[in-house]
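Here's the structure, in structure tokens; my notes come after.
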Amino acid sequence: MAKRVIVTGGAGFIGSHLVNRLVSEGDEVVVLDDLSTGDAAKVNPNAKLIALDIRSLEAKQFIKDFKPDLVFHMAAQINLRKSLQQPMEDASINVLGSINVIQGLVESAEDISKVKFVFSSTGGAIYGDVDTLPTPETVIPNPLSPYGVAKFSVEKYLYYYHVVHGLPYVALRYSNVYGPGQSTKGEAGVVAIFLEKMLSGETPVINGDGIQTRDFVFVEDVVDANVRAAQNDVTGIFNIGTSKESSVMDIFNLLRRFVGKDFPEVHGPAIPGELQRSCLDFSKAREVLGWQPKTTLEEGLRITAEAFAKSVKQ
Ligand SMILES: NC(=O)c1ccc[n+]([C@@H]2O[C@H](COP(=O)([O-])OP(=O)(O)OC[C@H]3O[C@@H](n4cnc5c(N)ncnc54)[C@H](O)[C@@H]3O)[C@@H](O)[C@H]2O)c1
Numbered sequence: 395m396a397k398r399v400i401v402t403g404g405a406g407f408i409g410s411h412l413v414n415r416l417v418s419e420g421d422e423v424v425v426l427d428d429l430s431t432g433d434a435a436k437v438n439p440n441a442k443l444i445a446l447d448i449r450s451l452e453a454k455q456f457i458k459d460f461k462p463d464l465v466f467h468m469a470a471q472i473n474l475r476k477s478l479q480q481p482m483e484d485a486s487i488n489v490l491g492s493i494n495v496i497q498g499l500v501e502s503a504e505d506i507s508k509v510k511f512v513f514s515s516t517g518g519a520i521y522g523d524v525d526t527l528p529t530p531e532t533v534i535p536n537p538l539s540p541y542g543v544a545k546f547s548v549e550k551y552l553y554y555y556h557v558v559h560g561l562p563y564v565a566l567r568y569s570n571v572y573g574p575g576q577s578t579k580g581e582a583g584v585v586a587i588f589l590e591k592m593l594s595g596e597t598p599v600i601n602g603d604g605i606q607t608r609d610f611v612f613v614e615d616v617v618d619a620n621v622r623a624a625q626n627d628v629t630g631i632f633n634i635g636t637s638k639e640s641s642v643m644d645i646f647n648l649l650r651r652f653v654g655k656d657f658p659e660v661h662g663p664a665i666p667g668e669l670q671r672s673c674l675d676f677s678k679a680r681e682v683l684g685w686q687p688k689t690t691l692e693e694g695l696r697i698t699a700e701a702f703a704k705s706v707k708q
């Protein structure tokens, strides 16, 4: 059945892909986005864009008046390094803004058990330095950045809203998401940064030795996880990753193959405090949501390289 849906951050990278999918399924979709890093041109023409800050009274009032069945909350300050320099601004958007959105939904719902809140959390920044890899949800998060602390706080608020007010929710802890349309400013911008450089003929700089690993998940697989989270009656927290580690060097080598130019390997200084390894166990999402990543890293990087090449030519 078609739903009334709000996607906060729907003018951003992941949000705009999700909006395309929801519109194609016939949902009535409103995007709440202040366009700080998002782009109005990315918003599907069959969705309605409301340009508001998620912290504003107007945004909350809009949610109350619209009375959504479903909210996908993706709007965020997504730059981890910025959160270290400006923790107050990060918390203002990522904690207070999130509470404003949740509160709007809770106040608008006639029967709270019939609505759903799907939150974009992080798996890359929430666990901190852990020994268990791939990391399951049973590992207690000890985030090492204000960005990670803020995401963890919102998960705790959601738990409170669930137990005390009955709000059904799912928090999806994504690993490093990549794909067409990603901007170079993101939390996990390495794919976008390397591609932008390579396609403009410049050699990208690899931070440190490049053997640091991440778990790279393709954006359409993340969209699929969101849709399943909304359709399923479950409440809870799920890792969304591939359970596979890939190094920055792996990404560099695959991308230079797809771009078709033999860029030299140039290394810069390592980023102090950067995690050496990160990888998420997605078994819980497979068992409960029936979700698994469908796109291999090679396939996903090829699609992404082609899409970036097209947008550079335009
Ligand atoms: N990209 C990743 O690898 C990754 C990994 C883990 C989690 N996430 C989470 O997924 C979500 C989407 O990330 P993305 O990569 O698409 O980032 P993005 O920057 O492309 O999208 C975020 C959107 O939120 C909007 N926004 C920011 N502050 C706002 C505010 N105060 N009010 C209204 N809108 C605001 C921006 O304009 C942008 O369109 C975020 O919550 C992010 O923390 C992303």
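Position one of the sequence shown corresponds to residue 395 (our numbering), numbered consecutively onward. Even for Gly, the Cβ is constructed at its ideal location relative to N, Cα and C.
Enumerate, from N- to C-terminal direction, the unbroken alpha helix (DSSP H) stretches of 4 or more residues contained entirely within the region 549-612.
584-593, all fully within the region 549-612.
Should residue 607 and residue 567 be called a contact, given that it needs their Cβ atoms to be closer than 7 Å?
Translated into positions along the sequence shown, residue 607 becomes position 213. Translated into positions along the sequence shown, residue 567 becomes position 173. Taking 7 Å as the Cβ cut-off, residue 607 and residue 567 do not qualify as a contacting pair.
Can you tell me the Cα-Cα spacing of residue 547 and residue 654, whole angstroms?
Start at 1 with the first residue of the sequence shown, and residue 547 comes out as number 153. Start at 1 with the first residue of the sequence shown, and residue 654 comes out as number 260. Using only the alpha carbons, I get a separation of about 44 Å.
Return yes when at least one heavy atom of ligand 1 lies under 6 Å from the C-beta of residue 701, else no.
On the sequence shown, position 307 is the one that residue 701 refers to. Outside the cutoff, so no.
If I'm right that residue 511 touches residue 465 with Cβ under 8 Å, what's the distance once you round it to whole angstroms?
Numbered from its first residue, the sequence shown carries residue 511 at position 117. Numbered from its first residue, the sequence shown carries residue 465 at position 71. Between residue 465 and residue 511 the Cβ distance is about 5 Å, and since that is below 8 Å, they are a contact.
Go ahead and label residue 581 buried or exposed: buried means 16 or more other beta carbons lie within 10 angstroms of its beta carbon, across all protein chains shown.
Counting from 1 along the sequence shown, the entry for residue 581 is found at position 187. Since pLDDT at residue 581 reaches only 49, below the 50 mark, its modelled position is unreliable, and the value read off the structure follows with that caveat. That one is buried.
Just mark residue 661 as buried or exposed, buried being the case when its beta carbon has 16 or more other beta carbons within 10 Å.
Against the sequence shown, residue 661 aligns to sequence position 267. The residue in question, residue 661, is exposed, as its Cβ has fewer than 16 Cβ neighbours within 10 Å.
How do the region 548-564 and the region 663-682 stand: do at least 3 beta-carbon pairs fall below 8 Å, yes or no?
Taking 8 Å as the limit for Cβ pairs, the verdict is that the region 663-682 does not touch the region 548-564.
With a threshold of 8 Å, are at least 3 pairs of Cβ atoms found where one atom belongs to the region 461-475 and the other to the region 507-524?
With a cut-off of 8 Å, the region 507-524 and the region 461-475 count as touching, because enough Cβ pairs lie within range.
Please report the distance separating the alpha-carbon of residue 644 from that of residue 584.
By one-based count along the sequence shown, residue 644 stands at place 250. By one-based count along the sequence shown, residue 584 stands at place 190. Cα to Cα, residue 644 sits roughly 12 Å from residue 584.
With distances taken from CA atoms, which of 675, 696, 693 and 419 is nearest residue 686?
Within the sequence shown, residue 686 is the residue found at index 292, counting from 1. Ranking the options by Cα distance to residue 686, first place goes to 675.
Please indicate yes or no: does the CB of residue 482 lie closer than 6 Å to some heavy atom of ligand 1?
Translated into the one-based positions of the sequence shown, residue 482 becomes position 88. Residue 482: no, Cβ never under 6 Å from ligand 1.
Any idea what DSSP makes of residue 633, helix, strand or coil?
To locate residue 633, count along the sequence shown from 1; it is residue 239. Correct three-state label for residue 633: strand.
Does residue 403 come out as helix, strand or coil in the three-state DSSP assignment?
As a working note, residue 403 is residue 9 in the sequence shown. Looking at residue 403 - three-state DSSP - the assignment turns out to be coil, as it is neither helix nor strand.
Ignore the nearest five residues each way along the sequence and tell me which others in residue 499's own chain have a CB closer than 7 Å to its CB.
Counting from 1 along the sequence shown, the entry for residue 499 is found at position 105. Closer than 7 Å at the Cβ level, and outside the excluded window around residue 499, lie 457, 462, 465, 509 and 511.
Do the CB positions of residue 516 and residue 448 come within less than 7 Å of each other?
Here residue 516 corresponds to residue number 122 of the sequence shown, with the count starting at 1. Here residue 448 corresponds to residue number 54 of the sequence shown, with the count starting at 1. No, they are not a contact pair.
Go to residue 502, then tell me how far its alpha helix (DSSP H) extends in each direction, as first and last residue.
Working through the sequence shown from its first residue, we reach residue 502 at position 108. 492-502 is the extent of the alpha helix (DSSP H) around residue 502.
From the DSSP secondary-structure annotation, give me the bridge partner or partners of residue 516.
Within the sequence shown, numbered from 1, the residue matching residue 516 stands at position 122. In the DSSP output, where bridge partners are listed per residue, residue 516 has 568.
When you compare each of 602, 699 and 570 to residue 673 by their alpha carbons, which one comes out closest?
Locating residue 673 in the sequence shown gives position 279, where the first residue counts as 1. Among 602, 699 and 570, the Cα nearest to that of residue 673 belongs to 570.
Compare the beta carbon distance of residue 617 and residue 426 with 7 Å and say whether it is the shorter of the two.
Numbered from 1 along the sequence shown, position 223 holds the residue referred to as residue 617. Numbered from 1 along the sequence shown, position 32 holds the residue referred to as residue 426. Their beta carbons are not under 7 Å apart, which means residue 617 does not touch residue 426 by this criterion.
Exposed or buried, which one is residue 693 when buried takes at least 16 other CB atoms within 10 Å?
On the sequence shown, residue 693 is found 299 positions in, with the first residue counted as 1. Exposed.
Assuming residue 572 and residue 698 are in contact, meaning their beta carbons sit under 8 Å apart, how far apart are those beta carbons, in whole angstroms?
Locating residue 572 in the sequence shown gives position 178, counting from the first residue. Locating residue 698 in the sequence shown gives position 304, counting from the first residue. Yes, they are in contact, since the Cβ atoms of residue 572 and residue 698 sit about 6 Å apart, within 8 Å.
Considering only DSSP beta bridges, list what residue 467 is partnered with.
The residue you call residue 467 lines up with position 73 of the sequence shown. 402 and 513.
Can the beta-carbon of residue 437 be found less than 7 Å from the beta-carbon of residue 396?
As a working mapping, residue 437 is identified with position 43 in the sequence shown. As a working mapping, residue 396 is identified with position 2 in the sequence shown. Cβ atoms of residue 437 and residue 396: not closer than 7 Å.
Consider the C-beta atom of residue 468 and the heavy atoms of ligand 1; say whether any pair is separated by less than 6 Å.
Counting from one through the sequence shown, the residue named residue 468 turns up at place 74. Correct: residue 468 has its Cβ closer than 6 Å to ligand 1.
Taking 7 Å as the cut-off, decide whether the C-beta atoms of residue 557 and residue 628 are in contact.
As a working note, residue 557 is residue 163 in the sequence shown. As a working note, residue 628 is residue 234 in the sequence shown. Their beta carbons are not under 7 Å apart, which means residue 557 does not touch residue 628 by this criterion.
Taking only three categories from DSSP, how would you classify residue 645?
Working through the sequence shown from its first residue, we reach residue 645 at position 251. In the structure shown, residue 645 sits in a helix (DSSP, three-state: H, G or I).
Over the uninterrupted alpha helix (DSSP H) stretch that includes residue 452, give me the two end residues.
Residue 452 sits at position 58 when you count from the first residue of the sequence shown. Element bounds for residue 452: 451-460.
Tell me whether residue 592 is buried or exposed, calling it buried when 16 or more other Cβ atoms sit within 10 Å of its Cβ.
As a first step, residue 592 must be located in the sequence shown, where it is residue number 198. Answer is buried; the Cβ neighbour count reaches 16.
Consider the C-beta atom of residue 575 and the heavy atoms of ligand 1; say whether any pair is separated by less than 6 Å.
Indexing the sequence shown from 1 puts residue 575 at position 181. Checking the Cβ of residue 575 against ligand 1 gives no.
Is the beta carbon of residue 620 less than 7 Å from the beta carbon of residue 544?
In the sequence shown, the residue the question calls residue 620 occupies position 226. In the sequence shown, the residue the question calls residue 544 occupies position 150. Against a cut-off of 7 Å, the Cβ pair of residue 544 and residue 620 comes out as no contact.
Could you give the DSSP three-state label for residue 444: helix, strand or coil?
Residue mapping note: residue 444 aligns to position 50 of the sequence shown, counting from 1. Strand at residue 444.
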